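For the sequence shown, the working numbering gives the first residue as 39, with consecutive numbering after it.
Notes for the one structure printed next.
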Amino acid sequence: ALFGRECNTHHTILFFQGHHYECSSDCDDLQSFFKSCNSNHIESGFWVIYEKPSYLGYQYILTKGEYSKYHDWGAFNATVGAFKRITEF
């Protein structure tokens with residue numbers, strides 16, 4: 039686990055169940071790890087989730103908290119292709 043650091047945990051099934059992936063840095067292609075992401079736990083910081091790999095498609099900004107289903111972060115579906123941590127405003 040990456041407790042105490044910038045962390046974003048993705049789960050393949052709603053309500054934090056199923057396979058999960060933890061990260062503490064940017065990832066430009068999540069589809070090599072999983073095809074869909076139904077829930078997220080953001081431990082700290084701000085993250086941009088992109089619908090498609092290479093930072094393309096719809097963008098969603100997530101802050102610290104739990105998102106038990108993709109509707110919670112405003113997505114139309116569970117497709118997540120990439121994410122990036124926001125370090126400057």
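Glycine included, every Cβ here is placed at the ideal spot set by N, Cα and C.
Keep in mind that this is a model prediction, so the values were computed, not measured.
When beta bridges are read from the DSSP output, Val86 appears opposite Ile99 and Lys122. Comparing C-alpha distances from Ser77 to each of Tyr96, Lys122 and Tyr59 shows the shortest one belongs to Tyr59. For Ser70, there is no enclosing beta strand (DSSP E), as DSSP marks it with neither H nor E. The shortest C-alpha to C-alpha distance from Glu126 to any of Lys73, Asp110, Ser62 and Gly83 is the one to Gly83. Contact between Ala113 and Asp66 does not hold, since their C-beta atoms are separated by about 18 Å, which reaches or exceeds 8 Å.
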